[in-house]
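Structure first, commentary second.
Numbering (my numbering), first residue to last: 965 to 1066.
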């Protein structure tokens, strides 16, 4: 990813990548915010703590860099929203996702 302030982490087990996250930081009125573009864990390993470990690792790194918040978009369908809530994220009621087809 060749974007200023972009960052990614990969999670390995037994020499194989089992997950990764990538995104970028932007300065906002509240300080630096990291925007997660992708957060993935191998389906076979979900629910075993790997995702929470990767999220904690990301949070620790970002805190050291002075990032004060993390934002992401996810779907209500599936287990992703529950995962993020379990890891301390809250749904912002003042946000609207808008899309325009080209």
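Glycine included, each C-beta is placed from N, C-alpha and C at the ideal position. No experiment lies behind these values; they were computed from the predicted model shown.
*Taking only the alpha-carbon atoms, compute the straight-line gap between residue 975 and residue 984 and give it to the nearest angstrom.*
6 Å
*Can you list, in chain order, the stretches of the alpha helix (DSSP H) that have 4 or more residues and sit fully within the segment 966–1045?*
1014–1028
_Mapping the DSSP letters down to three states, classify residue 1053 as helix, strand or coil._
coil
*Since I believe residue 1051 is in contact with residue 1019 (beta carbons under 8 Å), could you give me their beta-carbon distance rounded to a whole number of angstroms?*
5 Å
*Return the chain-ordered list of same chain residues with a C-beta closer than 8 Å to the C-beta of residue 1037, the five sequence neighbours on each side being excluded.*
1061
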